[in-house]
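So for the sequence shown, UniProt numbering puts the first residue at 1; every next one is plus one. Ideal placement from N, C-alpha and C gives every residue a C-beta, glycine not left out. Keep in mind it's a predicted model, so treat the numbers as computed, not measured. First the structure, in the form of structure tokens, and then the observations on it.
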Amino acid sequence: MVDAVHDVIVLGGGVAGSSVALALAKKGWDTLLLDRQRFPRHKVCGEFLSPESQRMLHALGMREPLEQLGPSLIRRTRLIFNHGRQLEIPLPGTAIGISRYRLDTALHAGAVRAGVKLRTETTVTSVYPAGSGYVVEARQGKVCTSYYARIVIAAWGSNPRAGLPGHTEHPEGKRYLGVKSHFAGIKTEPVVELYFFPGGYLGLSPVEGGYMNVAALLEQGIFGQTGKSVLGMIQEAWGRNRHLFARLAHAEAVPGTQAAVSPVNLNRAVNAWDMLPQVGDATVMIPPLCGDGMSMALRSSELCAPLADSWLRGEISLQQWQHNYTQSIQREFQRPLWWGRRLQWIFGVPVLPQLMLGAARFTPRLAYGMVQATRIKDR
């Protein structure tokens, strides 16, 4: 016996989950959004919203809420290598910087205004088919609840708990960990800066309030064995690039903004459907150096929501939904994912970035083309 019945349950309240829940609620469906974490909270993220991301959020009615957050404007990307050479690339449009602490809160508020029922600090313990829908069993504190829905959408990130759909053993290859913190005392420009060093890279991106988001992707085998705190690992990272060290010489960490995630696996195959439709990082992760993770999360939700709506209305079969969604994900993400992974590999081989930098300086359109290649095509 179930305790509550809904049309839609979305598992995971990040950018992808909140946006797909919001889209379906605006279509009139009774939608429940569950997340195991407490919000608002800081998350490991570049906190960079490309023009494509903004367009998709605006389509959900989030233009004014975003503007009210006072985002930073970002117009260029600057790559800084350990040997001192730099490459500056104009972005194809103006991006904005907003912390996940503020963005997730705004998305949750927008979803609730649209009619979404939001339950945080709620851990999903099982999901299974039942009749013509699914049962989701969840626990909030000591209270266990069974929910029934016609459809369930997985937006629980790249590392769902064992026993849940989408959980896989981590593939072979390099494993990474991600860390982030906000800092004060750093002069901000409308620029995203990427610093490369042995064992990873670190990005500086301005966010609201005049703060700088400092986020790094680090090889777990090098940084994960030290037992250091988030700030300790960031400090070790900036000690590996003298230009980064100078840039952060007077930086002061903002208390309470630190976060970490591990493991980060960049070789995971695209997985749009595993018993349930999957959106966001549950589907695929693009290397963070591409700066378009939130755009891909939003696009997956944008592709999934109208198909879910059509299925709920009886206009398509479940098989058609699965086929069309899987094909759309492969078509839209194949090129940026291919280029993102190649660039991730190139920047990890000491001599190759210097060769690429020389070629990009000789042919400026090459650098701009690399940025474009890792972006999803805007509609």
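Linking F223 to R175 through their CA atoms gives a straight-line distance of about 11 Å. Remark: C-beta atoms of E332 and L298 do not approach each other more closely than 8 Å.
Look at D7 here: in three-state DSSP terms it is strand. Within a 10 Å sphere around the beta-carbon of M62 sit 16 or more other beta-carbons, which makes this residue buried. At a cut-off of 3 residues, the continuous stretches assigned as beta strand (DSSP E) that sit fully inside the stretch 143-224 are 143-154, 176-184, 191-197, 200-206 and 212-219. Note on geometry: alpha-carbon atoms of T94 and M294 lie some 15 Å from one another. Contact between S181 and Q258 is confirmed by a C-beta separation of about 5 Å, below the 8 Å threshold. Only residues of its own chain outside the window of five on either side were considered, and among them Y134 and V135 have a CB closer than 8 Å to the CB of Y128, listed in chain order. When the Cα atoms are used, A272 and A249 turn out to be separated by approximately 43 Å.
One alpha carbon belongs to R102, the other to E137, and they sit about 29 Å apart. Put simply, the stretch 96-111 does not touch the stretch 75-84. Fewer than three CB pairs are less than 8 Å apart. Per DSSP, the unbroken alpha helix (DSSP H) holding V230 starts and ends at V230 to W238. Less than 8 Å separates the beta-carbon of I74 from that of S205. Following the DSSP letters along the chain, one finds E88 inside the beta strand (DSSP E) bounded by residues Q86 to G97. Going by C-alpha positions, G70 is about 21 Å away from P92.
The C-beta of R313 has fewer than 16 other C-beta atoms within 10 Å across all chains shown, which makes the residue exposed.
In this model, A154 and G14 are separated by some 11 Å (Cα to Cα). Contact between the stretch 44-59 and the stretch 334-341 is absent: fewer than three C-beta pairs spanning the two stretches fall below 8 Å.
Less than 8 Å separates the beta-carbon of G17 from that of V10. Annotation for L69: no beta strand (DSSP E) segment contains it, and DSSP assigns it neither H nor E. If you draw a straight line from the Cα of G131 to the Cα of W311, it comes to about 16 Å. For T31, there is no enclosing alpha helix (DSSP H); the enclosing beta strand (DSSP E) covers residues T31 to L34. The alpha carbon of G199 has as its nearest neighbour, out of R240, A308 and E88, the alpha carbon of R240.
For D274, the three-state secondary structure derived from DSSP is strand.
Looking at C290, P277, M285 and H323, the one whose alpha-carbon comes closest to that of A305 is P277. Contact check for P288 and L217: beta-carbon distance about 5 Å, within the 8 Å limit, so the pair qualifies. At least 8 Å separates the beta-carbon of V230 from that of A269. For S300, there is no enclosing beta strand (DSSP E); the residue is part of the alpha helix (DSSP H) that begins and ends at G293 to L312. Sequence-distant Cβ neighbours of S126 in its own chain, meaning closer than 6 Å and more than five residues away, are E137. By the Cβ neighbour-count rule, N213 is buried, with 16 or more other Cβ atoms within 10 Å of its own. Residue burial annotation: E88 is exposed, with fewer than 16 other C-beta atoms found within 10 angstroms of its C-beta. When the alpha-carbon of G210 is set against those of L194, P190 and K228, the nearest one is in P190.
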